[in-house]
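A quick write-up on the structure given underneath.
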Amino acid sequence: MRLYCPTEIHFGNTELQQLQVDGCVTLALLSRSIAPEYKAKIVAQLQLGGNRVIVMERGGAEPSSDEIDRCAVAVDGVVDSIFAAGGGSTLDFAKALALVKVSGGAIADYEFGSRSFNGALPLTLMPTTCGSGSEVTQYAVINNSVSGRKFTLGDDCLRAKRAYVIPDLLQTLPVNQILATALDGFIHALEALLNEVRNPIIEPLGIEAMRLIHRHLITIVQGEYGIEQLEGVALASLYGGICITNSRTGLIHTLSVAFSEFHKLSHGVVNAQLLPHALRFNRDHYNGRLKQIVSDFSAQSFNSDTDAAQYLCTWIKSLLPTTISPLNRSVVASDIDHIVDRILQDKGLPLVNSRPLDHTNIRTLVEEIVYE
Numbered sequence: 043m044r045l046y047c048p049t050e051i052h053f054g055n056t057e058l059q060q061l062q063v064d065g066c067v068t069l070a071l072l073s074r075s076i077a078p079e080y081k082a083k084i085v086a087q088l089q090l091g092g093n094r095v096i097v098m099e100r101g102g103a104e105p106s107s108d109e110i111d112r113c114a115v116a117v118d119g120v121v122d123s124i125f126a127a128g129g130g131s132t133l134d135f136a137k138a139l140a141l142v143k144v145s146g147g148a149i150a151d152y153e154f155g156s157r158s159f160n161g162a163l164p165l166t167l168m169p170t171t172c173g174s175g176s177e178v179t180q181y182a183v184i185n186n187s188v189s190g191r192k193f194t195l196g197d198d199c200l201r202a203k204r205a206y207v208i209p210d211l212l213q214t215l216p217v218n219q220i221l222a223t224a225l226d227g228f229i230h231a232l233e234a235l236l237n238e239v240r241n242p243i244i245e246p247l248g249i250e251a252m253r254l255i256h257r258h259l260i261t262i263v264q265g266e267y268g269i270e271q272l273e274g275v276a277l278a279s280l281y282g283g284i285c286i287t288n289s290r291t292g293l294i295h296t297l298s299v300a301f302s303e304f305h306k307l308s309h310g311v312v313n314a315q316l317l318p319h320a321l322r323f324n325r326d327h328y329n330g331r332l333k334q335i336v337s338d339f340s341a342q343s344f345n346s347d348t349d350a351a352q353y354l355c356t357w358i359k360s361l362l363p364t365t366i367s368p369l370n371r372s373v374v375a376s377d378i379d380h381i382v383d384r385i386l387q388d389k390g391l392p393l394v395n396s397r398p399l400d401h402t403n404i405r406t407l408v409e410e411i412v413y414e
């Protein structure tokens, strides 16, 4: 077993003063949600030493293949590095852009392997949310503008050379966005540890990620939080990213991708709504593993995987606002076959899922979600 994280990680509010990038001409891709004073600090730091900085802003929507391709054409050819600050969507957009600027083609060419990964521009990433972990992973999630299909790119060239995690940036986020992204980070750690081919070296990181989110998220939801809570969820997100780069996600995330065409809900909220279904599906196959994980991060004792699953589901439900639209509201019976087929396209899922998978039990699971 090994723990692999080649990204140089900077954590803490003072690390913004140490920000540096590779290259002489940097594209700075900044989320529009970043407060103006932070944008000014970031750009000023990037310009130190006479570096040329080209600033581009984008919204928080998930990156589409059309948007990436248009940007690749528009970006000055002399750009030799990319810096991105934003949520997971902005960081993934930067990764995809860095890829096509070196490896060529359109980003959709990489969806089914028709084009090879032959390198990417150097990346420096700064998350402004607390869940994706994209700043330390080799993954980028893209929406195919033609098919509507969400797909994941995975290659070492998509890893950032440096990551700057600045908890202070979370202060301007609305509570619902902190909640959604932190739940995603929690589920990253949970799925990495439930993985049947998990890496035991990451277990302390995964448990600590879940402990921090479990401890701090209720305070954040209640609106009574400060820098301690923000540092906690920012660190947990980082740990979750390290976990999934060494031991991939599982059924919850695969279900989330399959349902993504049929709703406008945030990724973290969808994962939270899917968690009870995935736990129930696998519950009789965890062999005490779920009970141990939940006991470890919650410091409570559980008699069975069933009890641990019930605790998790109750905790998640207590955090989600009752006004959130149910995932299945926009799904109809005719969509079920498409969703099932999309799940079965994840050829790596059977290797990591606790319960054996087949078309019949996956369809039963999807019908349970749709008709809930």
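Here my numbering is used: position 295 in the sequence shown is 337, and no number is missing along the way.
Heads up, the beta-carbon is just placed ideally off N, CA and C, and yes, glycines get one too.
All values reported here derive from a predicted model rather than from experimental measurement.
Would you call the CB atoms of residue i and residue j closer than 8 Å?
| i | j | result |
| --- | --- | --- |
| residue 305 | residue 361 | no |
| residue 233 | residue 295 | yes |
| residue 252 | residue 208 | no |
| residue 104 | residue 131 | yes |
| residue 121 | residue 67 | yes |
| residue 140 | residue 162 | yes |
| residue 65 | residue 123 | yes |
| residue 345 | residue 226 | no |
| residue 395 | residue 293 | yes |
| residue 70 | residue 96 | yes |
| residue 286 | residue 230 | yes |
| residue 142 | residue 160 | no |
| residue 330 | residue 347 | yes |
| residue 257 | residue 283 | no |
| residue 138 | residue 184 | yes |
| residue 317 | residue 366 | no |
| residue 16 | residue 404 | Not covered by the structure: residue 16. The range shown for the chain is 43 to 414. |
| residue 149 | residue 110 | yes |
Considering only the alpha carbon of each residue, which of the options lies closest to residue i?
| i | options | result |
| --- | --- | --- |
| residue 385 | 335, 43, 407, 106 | 407 |
| residue 277 | 324, 265, 297, 224 | 224 |
| residue 80 | 170, 153, 47, 142 | 170 |
| residue 322 | 307, 351, 57, 340 | 351 |
| residue 353 | 364, 367, 336, 83 | 336 |
| residue 265 | 214, 179, 299, 239 | 214 |
| residue 179 | 298, 166, 54 | 166 |
| residue 59 | 47, 82, 48, 87 | 87 |
| residue 319 | 307, 297, 332 | 297 |
| residue 238 | 404, 288, 261, 189 | 288 |
| residue 206 | 133, 244, 217, 247 | 133 |
| residue 376 | 355, 409, 147, 72 | 409 |
| residue 267 | 301, 241, 216 | 216 |
| residue 307 | 247, 390, 172, 373 | 373 |
| residue 125 | 158, 190, 195, 201 | 201 |
| residue 55 | 112, 152, 210 | 210 |
| residue 391 | 338, 356, 414, 291 | 291 |
| residue 221 | 190, 414, 173 | 173 |
| residue 325 | 212, 236, 269 | 236 |
Could you please give the first and the last residue of the uninterrupted alpha helix (DSSP H) stretch that includes residue i?
| i | result |
| --- | --- |
| residue 109 | 107–116 |
| residue 81 | 78–88 |
| residue 124 | Where residue 124 is concerned, there is no enclosing alpha helix (DSSP H), although the beta strand (DSSP E) it sits in stretches over 123–128. |
| residue 323 | 309–324 |
Just curious, the beta strand (DSSP E) that residue i is in, first and last residue?
| i | result |
| --- | --- |
| residue 301 | Residue 301 -> not in any beta strand (DSSP E); alpha helix (DSSP H) instead, spanning 293–301. |
| residue 72 | 67–73 |
| residue 50 | 50–53 |
Could you check what DSSP says for residue i in three-state terms: helix, strand or coil?
| i | result |
| --- | --- |
| residue 103 | coil |
| residue 43 | coil |
| residue 405 | helix |
| residue 63 | coil |
| residue 95 | strand |
| residue 245 | helix |
| residue 305 | coil |
| residue 235 | helix |
| residue 281 | helix |
| residue 413 | coil |
| residue 400 | coil |
| residue 144 | helix |
| residue 328 | coil |
| residue 228 | helix |
| residue 135 | helix |
| residue 275 | helix |
| residue 416 | Here the chain covers residues 43 to 414 and nothing more, so residue 416 does not appear. |
| residue 288 | helix |
| residue 152 | helix |
| residue 57 | helix |
| residue 253 | helix |
| residue 270 | helix |
Say yes only if the C-beta of residue i is nearer than 7 Å to one or more non-hydrogen atoms of the ligand ADP, and no if none qualify.
| i | result |
| --- | --- |
| residue 98 | Only the bare structure without any ligand can be found here, which leaves the ligand ADP out of the picture. |
_For a minimum of 4 consecutive residues, which ranges assigned as the alpha helix (DSSP H) are wholly contained in the segment 330–394?_
331–340, 347–361, 378–386, 391–394
*What are the uninterrupted segments assigned as beta strand (DSSP E) that are 3 or more residues long and contained completely in the segment 164–225, given in chain order?*
165–169, 181–185, 192–196, 204–207
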